[in-house]
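Asker: Pasting a structure below so you can have a look.
See the structure below:
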């Protein structure tokens, strides 16, 4: 009982304590139901909330709609609140900016609204709010106790939300600092700070998850960005909430280099192949040598043995048993010989007729030059009208207008001082680079204003920047777009000097304004004491990555360069407006060349700069080219003659004939240019610079062959001059025809190329070479006949009326012919020399094959400029300082239905949009920018339009009387919201609603009340049908990462196209990527294929023509083509060694190399095939002695002298692509044609054609050739 009695008092005490605790809690809860304020009290022109500590008051019915819109979680029907209608209206106005930028993520905006609703209206205000300062009846400062968990959750839900028009995070515009520096605490502190321009009085947030000083922090339920809301709103989109994205995209690993045992695979393979070849080759040579030691047998044995019925020495010549193919080949060659012999005889007999006809035909053809057009437009030069990039450019230009022109400055300073900025309101010191010194900025602003004031003359009119600049808000705002950080200061010296402070401290100045603006470039009001706008005077943001250079990461204060860009309107078909732009750019360039400032180092360029400098370069190189050709002309004129004695110097010289031959070459070039000009085909600088070189090579070679063959020939008894020349032409013209026709067909087939520069060159070159051949076998032969008659009459060259006394001179062989015949040919065909030559040339081939895939692709822009060009410094600074590449547009072609939810979801990036929408895919690509080359999230007009048109926003309004658009800054009771504040009104507009308000959005200028106006950012991005019935094409813009070298540009084009193709496949609608440089770099995506195709087609054409014109000797054609192929492969080896990249210019040179190589090889191959010597070695020796000397003196020495002069050119492109490549072409061609091919023929040349040898044996009886044969 005692225990029991003792227990009862304890139990009663516990119950009493519990009752007291419950009663205390009830009274504390009841006490917590009082307000801190209620209603608004105006003081000194400012609105404050009225001090009120009573119980919550029922909301007036006219506020029901507002409380539903702003704080939908409150039960306004029965619940009493601590705010009235006026407070709700003020709350709505102050939240317009966050609404426009954060409402695209419903959970983020809901959490934010909850924070402000609790602050403004909560009936529990006294639990978490403490009014600390009063002014009469107004509350002028409060403490707001906020749960740290709530603050963190709200920040986490909002931190990824994008601001599509600005390509930055929304928090950059709402946190007072860069998004990367923003966190839950400083974001809320900024929103409640009076310096942000929105908060009327200080609200001091105190963060804690536990009660502080008797106050219970507000820690309401929050929604994660990956969660939907109770009202049915879905989770935030991937780009606004990384949690909804799934795993971050991972770029595919970079393929490792192909190696074998740690070394380059191609190098190892070619080494092994070369060593294996040497073993096999040396073994075969040794075996053949041993075999010949035992039994010596000539390949001509059966046809030279008089006892053999097949012998040419037999008494029955008709018994030669040639194969059908050999007989056909001999007959074909004989028909060519007879035809050319008859024609040559005719030309010598009737020189006046032939020359007159040639002059008339050349004159008629050349007359077309009056219609000549020279194309210097880079687009026309490098991009085919049918190419993908060109079609996409034309589509973009026709729907959105051509990409704007630019004039740009990159400004650095020789000063190296770094100064420290110490923020007054705390924070770490901030170092500023010398270029951001205020004094320097004032000087740069002076320069910028001077450029704006430039006046150019065009057709008697004064042209200023305002007449031609890009002004996106015209006619409401005629300020030019100037992308410069000085636009953060409204391009004003006064704003740059603006500061706030007292006698002791500077609260805010240009430092703080700069730091704010680089983090929030679209802000209309900075958060410092200055409250100056960051938005440019033209109505758009200036992104720091476009206006600054040389900084690290996003520390823009460390910038070492300022970039000022003046976008200028471009015009497709308006030559007058384009002329004005060109005139202003010319004046800009003149001004910048003369501008001097010791504190500024300026690199500059205008849109016309590159074309101007290329034209200047071409003009400056005229003297170099003329000197080069003059040296070749002098050499030809002097070397063509064969001087037997000093006495007959002026008789035996061929100066006049050489000049005539050169004129024929130039006439063929002029005729080709003229004929194509008749058809309206424009010329290019490549054609003008390269074709004379090519035709001179081919033409001079043929001239030397004709003249030197005559000089080595002896006239047969009773043979007249015209018959001798006819016979000689019959011998050499088939070889000339072989080379010229091979080149012509090869060049014409090269015109199948998609590259305009290559196609144009191939057309002009093919026709010029063929016309040159026709003139040489007609006009030149007639002139040769006249010259020989002069020589035989002992008349002086040039001065034909003067005559030497009669005298008999013994005919001698030229020194070069004797050298080739007696020394050179026997030496390289020695038994021990030939294997060395093969080993060396095959080694060079192996090396070239090993490095052919290492030749760089592209054309360094700097190479196209003269050495002394101001653009070179600009290109250098461009790659050194800039941090962002060119803009890239993802263009959705006409036909997508944006008025349907399906069409919207396919492209947009906000709530409810597809995870694989256009915006989402580009955003995902930007996350792996090092791989994709996409730098930023795209600006999305459709997402900003959805935010703009929301009924909660003040952006979309119209006059209910007229239906016209009513800007957010207009205060007029007749302005009503575009859409009702209903559940359906809050949904995205579809159908007619979509098109009804879109034109308003695209015409709305951004302002303080509505930062989402689309005029500046998107007016050009959407192509709307007439009468606003439907959206046609539209684009979504972002930027490439910084691109420095050709490989970067090529890769960015490739990756953008891969992305666009993926988007097209997803949308089932055509989307393409467009950037201004694509049209120039597209050629490099396929240049390897184009090169292989062009050279293969050329080689194929040469093979077919050579096979036929050599009398169906298939094996000869194979050896000729193999040698030419070796020359081309070795050209790639030289390109790698000499750092010559593969591009349209070098491809033209390779195609030309293919043609010139025919000259080096085909003459020798034909001479070998018709030789009657006993063995392959002797046949090769004879061919080399006779044709080698002509080829060497003709094409090799002629070209070598001219090429060396090109090294003196100021033009880098001349030095690299003409001097280096031409020198390589001539040296490699001569080496293979005059060294390797004879050795190759001596080993595996075709056997003698019995029918040809038999016919030649009969034909050469009694001639100089028979004497040589028996020598």
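Numbering (the numbering used here), first residue to last: 672 to 1942. Each residue gets a CB set at the ideal place from its N, CA and C atoms; glycine is no exception. Since the structure is predicted, the reported quantities are computational estimates derived from the model, not experimental observations.
I need the boundaries of the beta strand (DSSP E) containing residue 1561, first residue and last residue.
Answerer: 1555-1563
Asker: Alpha carbon to alpha carbon, how far is residue 1190 from residue 1219? Give it in angstroms, no decimals.
Answerer: 13 Å
Asker: Would the stretch 1833-1846 count as touching the stretch 1898-1909 if we require 3 or more Cβ pairs under 8 Å?
Answerer: yes
Asker: Where do the N-terminal and C-terminal ends of the alpha helix (DSSP H) with residue 1401 fall, by residue?
Answerer: 1392-1421
Asker: Of the residues 850, 1215, 1600, 1168, which one's Cα is nearest the Cα of residue 919?
Answerer: Minimum Cα distance to residue 919 is reached at 1600.
Asker: Quick check: the stretch 1774-1787 against the stretch 997-1012, are there 3 or more CB pairs under 8 Å?
Answerer: Yes, since at least three Cβ pairs between the stretch 1774-1787 and the stretch 997-1012 fall closer than 8 Å, the two stretches touch.
Asker: With a threshold of 16 other CB atoms inside 10 Å of the CB of residue 1923, please say whether the residue is buried or exposed.
Answerer: Under this definition residue 1923 is a buried residue.
Asker: Using the C-alpha atoms, what's the distance from residue 924 back to residue 1580?
Answerer: 28 Å
Asker: Measure the C-alpha to C-alpha separation of residue 893 and residue 1667 and round it to an integer number of angstroms.
Answerer: Rounded to whole angstroms, residue 893 to residue 1667 spans 36 Å at the Cα level.
Asker: Select from 1322, 1279, 1332 the residue whose C-alpha is nearest the C-alpha of residue 1305.
Answerer: 1332
Asker: In the DSSP assignment, find the beta strand (DSSP E) that holds residue 1132 and state where it starts and stops.
Answerer: Segment 1132-1134, the beta strand (DSSP E) holding residue 1132.
Asker: Could you tell me whether the stretch 893-912 touches the stretch 1570-1587, where touching means 3 or more Cβ pairs closer than 8 Å?
Answerer: They touch, by the three-pair rule.
Asker: Which same chain residues, not among the five before or five after residue 1512, have their C-beta less than 6 Å away from its C-beta?
Answerer: 1907
Asker: Kindly indicate the opening and closing residues of the beta strand (DSSP E) around residue 1102.
Answerer: 1101-1103
Asker: Starting from residue 1646, trace the beta strand (DSSP E) both ways and give me its first and last residue.
Answerer: 1646-1648
Asker: Determine the direct distance from the alpha carbon of residue 1152 to that of residue 1167, and round the result to whole angstroms.
Answerer: 19 Å
Asker: Please report the straight-line C-alpha distance between residue 1771 and residue 1723, rounded to a whole angstrom.
Answerer: 35 Å
Asker: Can you give me the C-alpha to C-alpha distance between residue 718 and residue 1160, rounded to a whole angstrom?
Answerer: 30 Å
Asker: Please list, in chain order, all residues of the same chain as residue 1262 whose beta carbon is under 8 Å from its beta carbon, the five residues on each side excluded.
Answerer: 1121, 1122, 1125
Asker: Which one or two residues does DSSP pair with residue 1711 in a beta bridge?
Answerer: 1605
Asker: Just the Cα atoms here: how many angstroms apart are residue 1697 and residue 818?
Answerer: Computed Cα separation, rounded: 55 Å.
Asker: What are the boundary residues of the beta strand (DSSP E) that includes residue 1090?
Answerer: 1090-1092
Asker: Helix or strand or just coil, what does DSSP make of residue 711?
Answerer: strand
Asker: Which partner residues does residue 1076 have in the DSSP bridge list?
Answerer: 1239
Asker: What residue range is occupied by the uninterrupted beta strand (DSSP E) comprising residue 1276?
Answerer: Annotation for residue 1276: the continuous beta strand (DSSP E) segment containing it runs 1272-1277.
Asker: Thinking C-alpha only, which one of 810, 798, 1337 is nearest residue 882?
Answerer: 798
Asker: For residue 1886, which option in 1809, 1815, 1382 has the closest C-alpha, if you only look at C-alpha atoms?
Answerer: 1809
Asker: Mark residue 1851 as exposed unless 16 or more other C-beta atoms lie within 10 angstroms of its C-beta, in which case mark it buried.
Answerer: buried
Asker: Which first and last residues belong to the beta strand (DSSP E) in which residue 1694 is found?
Answerer: 1693-1695
Asker: Count the CB pairs spanning the stretch 1582-1598 and the stretch 1714-1722 that are closer than 8 Å, and state whether there are at least three.
Answerer: Cβ pair count under 8 Å is below three, so no.
Asker: How about the stretch 1608-1615 and the stretch 924-939: do they share at least three Cβ pairs that are nearer than 8 Å?
Answerer: no
Asker: Are three or more beta carbon pairs between the stretch 1404-1411 and the stretch 1893-1907 nearer than 8 Å?
Answerer: no
Asker: Thinking just about the alpha-carbon of each residue, which of 1437, 1192, 1664 is nearest to the one in residue 1700?
Answerer: 1664
Asker: So, do the stretch 1268-1284 and the stretch 1098-1118 have three or more beta carbon pairs nearer to each other than 8 Å?
Answerer: Touching, yes.
Asker: Please classify residue 631 as buried or exposed, where buried requires at least 16 neighbouring CB atoms within 10 angstroms.
Answerer: The requested residue 631 does not occur in the structure, where the chain is confined to residues 672 to 1942.
Asker: Mark residue 1176 as exposed unless 16 or more other C-beta atoms lie within 10 angstroms of its C-beta, in which case mark it buried.
Answerer: exposed
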